[in-house]
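In mature numbering (1 follows the signal peptide of the UniProt record, and there is no 0), the protein residues as written are -28 to -1, 1 to 345.
Glycine included, each C-beta is placed from N, C-alpha and C at the ideal position.
All of these numbers come straight from a predicted model, not from anything done at the bench.
Here's the structure, in structure tokens; my notes come after.
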């Protein structure tokens, strides 16, 4: 059995690149802000000091809902491993509503693991809410033997729900289904990473399991098994969203670090493929506006590499107009993206805790509203 654990930093296929990030960025000047703002897209910071912000969605009332993967734990007693492999486990994950400068946490004290400095956390990576229903959070998987005392290890690999004023509870065990059924037939690997609450079901993308599941009344079933790209390259579905133009389900895939190889899939409500968009790199967020404009977050997209930090950062958001014309906006390590009133919002510095990354407090988890001009 080859089971993914929380020691996998952001998402399974990116482990090697993220290890490179930890060593390369540490050599940068940690005391300066990004000196060349022209290398970043024009934007307004809507929220900052977030803890590894990941999936971004909208509540039925139009408020921003962000999954914060937390910062693991700053208690050395809660850490296992050494050096770049060290992981510190805590209960610092949460999902957060942001509205006109106000913010509150419908669900908090969620499982989180990160490096000792709080970067590259995994845990509560996805959040969603449907009209009249509870808030949902999806938690990545880790085996029980990695859990220090006092942390909510029972949340690992599970879909969590909480109604306003109620208590958080487990709805379904996604990773257990992967363990029992292994839909892709490649061995048991599970990293539930994104969630989409619909009227009568909840969809969950298992990045390591290469499967999108549906949950109805606590029962887990396969909704869509992702395309196989070969023995060494998996789809790695990281993002779910509703297409505001067609009502279909959008799925973004990480694929690999190879430029231009990732796709965005449009699925019908029965799980069948409606269409695809090609030519993306390490997709970690997707949204489509009512006018048909597509926005895609690329975690490591663009021409900037880790060696270019702090002059410029890996990552960008790609806008695809209905006529196919594309434009890229430089965003550092972007994750979830949504469209609100025709304007794109994106989670930036998604691998950073609220205190900042790589020694720079300005490089903390944020939400940006992009200026598309």
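Cβ pair residue i, residue j closer than 8 Å
| i | j | result |
| --- | --- | --- |
| residue 291 | residue 265 | yes |
| residue 261 | residue 311 | yes |
| residue 125 | residue 111 | no |
| residue 129 | residue 117 | no |
| residue 67 | residue 36 | no |
| residue 28 | residue 38 | yes |
| residue 41 | residue 59 | no |
| residue 178 | residue 158 | no |
| residue 294 | residue 321 | no |
| residue 258 | residue 309 | yes |
| residue 140 | residue 79 | yes |
| residue 236 | residue 268 | yes |
| residue 120 | residue 61 | yes |
| residue 256 | residue 307 | yes |
Cα-Cα separation, residue i to residue j
| i | j | result |
| --- | --- | --- |
| residue 282 | residue 276 | 10 Å |
| residue 302 | residue 338 | 14 Å |
| residue 175 | residue 186 | 4 Å |
| residue 351 | residue 24 | Absent from the model: residue 351. The displayed extent of the chain is -28 to 345, so no value can be given. |
| residue 333 | residue 172 | 42 Å |
| residue 72 | residue 286 | 29 Å |
| residue -1 | residue 77 | Unreliable positioning characterises residue -1 in this predicted model, as indicated by a pLDDT of 37, which lies under 50. The coordinate reading is nonetheless provided below. Cα to Cα, residue -1 sits roughly 34 Å from residue 77. |
| residue 343 | residue 200 | 37 Å |
| residue 270 | residue 212 | 14 Å |
| residue 227 | residue 272 | 12 Å |
| residue 91 | residue 324 | 5 Å |
| residue 165 | residue 143 | 15 Å |
| residue 253 | residue 327 | 28 Å |
| residue 16 | residue 317 | 9 Å |
| residue 11 | residue 300 | 11 Å |
| residue 115 | residue 296 | 44 Å |
| residue 341 | residue 26 | 15 Å |
| residue 239 | residue 208 | 16 Å |
| residue 45 | residue 53 | 14 Å |
Bridge-paired residues (DSSP) for residue i
| i | result |
| --- | --- |
| residue 108 | 100, 133 |
| residue 312 | 315 |
| residue 299 | 291 |
| residue 340 | 17, 318 |
| residue 209 | 225 |
| residue 214 | 221 |
| residue 95 | 84 |
| residue 332 | 329 |
Burial state of residue i, where buried means 16 or more other Cβ atoms lie within 10 Å
| i | result |
| --- | --- |
| residue 43 | buried |
| residue 97 | buried |
| residue 83 | buried |
| residue 230 | exposed |
| residue 49 | exposed |
| residue 196 | buried |
| residue 223 | buried |
| residue 163 | buried |
| residue 87 | buried |
| residue 101 | buried |
| residue 219 | exposed |
| residue 21 | exposed |
| residue 192 | buried |
| residue 225 | buried |
| residue 161 | buried |
| residue 47 | exposed |
Residue i CB to nearest heavy atom of the ligand SAH below 7 Å
| i | result |
| --- | --- |
| residue 226 | This structure does not include the ligand SAH; it has no bound ligands of any sort. |
Cβ of residue i within 8 Å of any chain D Cβ
| i | result |
| --- | --- |
| residue 26 | Absent from the structure: chain D. Only one protein chain is present. |
Q) Residue ranges of each beta strand (DSSP E) run of no fewer than 3 residues wholly in the segment 12 to 90, ordered along the chain? A) You should have 15 to 22, 25 to 30, 36 to 40, 59 to 71, 74 to 86.
**Q.** Length at least 3, wholly inside the segment 217 to 287: the beta strand (DSSP E) runs in chain order
**A.** 221 to 225, 234 to 239, 245 to 252, 255 to 260, 266 to 270
Q: Pick out the complete beta strand (DSSP E) segments inside the segment 123 to 200, 3 residues or longer, and give them in chain order.
A: 130 to 134, 141 to 145, 164 to 169, 174 to 178, 183 to 188, 191 to 197
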